[in-house]
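Below you'll find the structure, written out as structure tokens, and then a few comments.
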Amino acid sequence: MSQFIEMFGNQNTNDKGWTESLVKDEFKLSMGKTPARNNPECWDNGTHKWVSISDMSSYTRYTGDTSEYITDYAIADSGIKAVPKGTIIMSFKLSIGRTAITSEDLYTNEAIMAFAGFDEKKFNIDFLHFLIANKNWLLGAKQAVKGQTLNKESIGNAKIIIPPIEAQEEFASIYNQADKSEFVGCKSQFIEMFKEKGYPLRMLKSFADVSTGGTPSKANLEYWNGDKPWVSAEDMKNKYVYDTCEKVTEAGYATCKIIPVDTLMYVCRGSIGVMAINKIECATNQSICRAKCHDNVCNVEFLYHALMYQKDNIKKMGTGTSFKSLNQTSFSELKIELPPYNEQMKFVSIAQQADKSEYYN
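At position 150 of the sequence shown the residue is numbered 345 (the working numbering), and the sequence of numbers has no breaks.
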């Protein structure tokens, strides 16, 4: 993130004065559909990948497998259109801003927007991926009873910056190198240091205080538009949370369960496995489980990487049809191999060096 800001400034305020354009003037925007759930012909033995919000949380840069597939019949019956390979897709409901580049032709549900048809002479796709993933889409969004909302119109009317293509390509080169360093380097280091070393398996609740958040009543206007941070999945695009899109008043804050700095926040509904560490005292919504590690027993940075390593397995534990979820009990009973605290801190030191050298987290 720091490298992007250094090169291009704050894209939300365009403080460097780049050329700007409306999203709808640069992309062909389209949403997917959900074929009839009550018709087995749409789903049984399907062969076409169908991306939902829960799938988006498992992608890093490119799309991979999907939890559900649809049939030829579903495509014909629903009129759903394929999203071409090389298109940027973004979730714009519940977990706003989860972004990926399609690695093949596929289909999505109606909570995902496709940004297709851009001019490759004007935009580098890796630059665009970062730009779209890190833009504050809620700025200027409509305020509904249940919170701020996005739709095709509001996304289309949002402005994006267009730096020279040469600058975009320079950033993309740095971004790609950082991508390899962080996601490959830290994971391999974690495996080398801790895998199959015989450390005891411990439940989360044995070394951390586990809780969930809550949402002050949206019907009570005295609770909202204050200055107290209230975290939802939209705020958890990066490893650390320093600010939030929505804020509550003192009165709203008083109804919440507040968590101290350096608590692990884990999305347990919809985008299971999305994690962040808060660098501000804050409240969270009820879709987020929180784990405050006991001093000198478990380090929050170590826990972040330990759960990241198990992300795919944890996602499979989710229950539900429309949206997979983990409850607080299931989250608190997750098990990790817990090495001695001094061994954890050796890894944390390495991981923090990687954080300093990477440019997008």
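A virtual CB, placed ideally from N, CA and C, is assigned to each residue, including glycine.
Coarse secondary structure for residue i, derived from DSSP in three states
| i | result |
| --- | --- |
| H324 | helix |
| L334 | coil |
| M540 | helix |
| A367 | helix |
| L289 | coil |
| E348 | helix |
| K219 | helix |
| G513 | coil |
| S412 | coil |
| A271 | helix |
| E201 | helix |
| C237 | helix |
| E476 | coil |
| I467 | coil |
| V340 | Because V340 carries a pLDDT of 41, less than 50, the predicted location of this residue cannot be relied on, and the following value inherits that uncertainty. V340: coil per DSSP, three-state reduction. |
Cα-Cα separation, residue i to residue j
| i | j | result |
| --- | --- | --- |
| K487 | F402 | 9 Å |
| I283 | P535 | 43 Å |
| M388 | T214 | 48 Å |
| E528 | L399 | 6 Å |
| K541 | S262 | 36 Å |
| G421 | E445 | 7 Å |
| A353 | N207 | 10 Å |
| N346 | V278 | 18 Å |
| F378 | L502 | Residue confidence is low: F378 scores 46 on pLDDT, short of 50, so the model does not pin down where it sits. Its coordinate-derived value is still stated next. Rounded to the nearest angstrom, the two C-alpha atoms are 14 Å apart. |
| Y461 | V426 | 11 Å |
| N209 | G408 | 34 Å |
| L333 | T266 | 35 Å |
| A295 | I356 | 19 Å |
| T479 | K432 | 15 Å |
| K519 | K506 | 14 Å |
| N473 | A271 | 46 Å |
Range of the contiguous beta strand (DSSP E) that encloses residue i
| i | result |
| --- | --- |
| A231 | Careful: A231 lies outside any beta strand (DSSP E) and carries neither H nor E. |
| A486 | 483 to 488 |
| K244 | 243 to 246 |
| Y461 | 459 to 462 |
| S406 | 403 to 407 |
| G421 | 419 to 426 |
| M431 | Taken as a continuous stretch (DSSP letters only), M431 belongs to no beta strand (DSSP E), as it is neither H nor E. |
| K354 | 354 to 357 |
| F310 | 307 to 311 |
| K530 | 530 to 532 |
| R397 | 396 to 398 |
Span of the alpha helix (DSSP H), counted from its first residue to its last, around residue i
| i | result |
| --- | --- |
| A277 | Counting along the chain, A277 falls outside any alpha helix (DSSP H), and DSSP gives it neither H nor E. |
| K211 | No alpha helix (DSSP H) contains K211, which DSSP labels as neither H nor E. |
| F497 | 495 to 504 |
| T524 | 523 to 527 |
| E445 | 445 to 449 |
Status (buried if at least 16 other CB within 10 Å, exposed otherwise) for residue i
| i | result |
| --- | --- |
| N331 | buried |
| V436 | buried |
| Y302 | buried |
| S466 | buried |
| A339 | Because the pLDDT of A339 is 48, which lies under 50, any placement of that residue in the model is unreliable, and the question is left without a value. |
| L396 | exposed |
| K240 | Here residue 240 is Asn; the residue named in the question, Lys, does not match the sequence. Classification for N240: exposed. |
| K280 | exposed |
| G513 | buried |
| K434 | buried |
Residue-chain proximity (residue i, chain C), Cβ-Cβ < 8 Å
| i | result |
| --- | --- |
| C488 | Of the chains in the structure shown, none is chain C; there is only one protein chain. |
Residue i Cβ short of 7 Å to the ligand NAP heavy atom set
| i | result |
| --- | --- |
| E417 | In the structure shown, the ligand NAP is absent, as is every other ligand, since no ligand is present at all. |
Inter-stretch contact (C-beta, 8 Å, three-pair minimum) for the stretch 308 to 327 and the stretch 476 to 494: no
Taking 8 Å as the threshold, find out whether the stretch 251 to 259 comes into contact with the stretch 448 to 456 through three or more Cβ pairs. no
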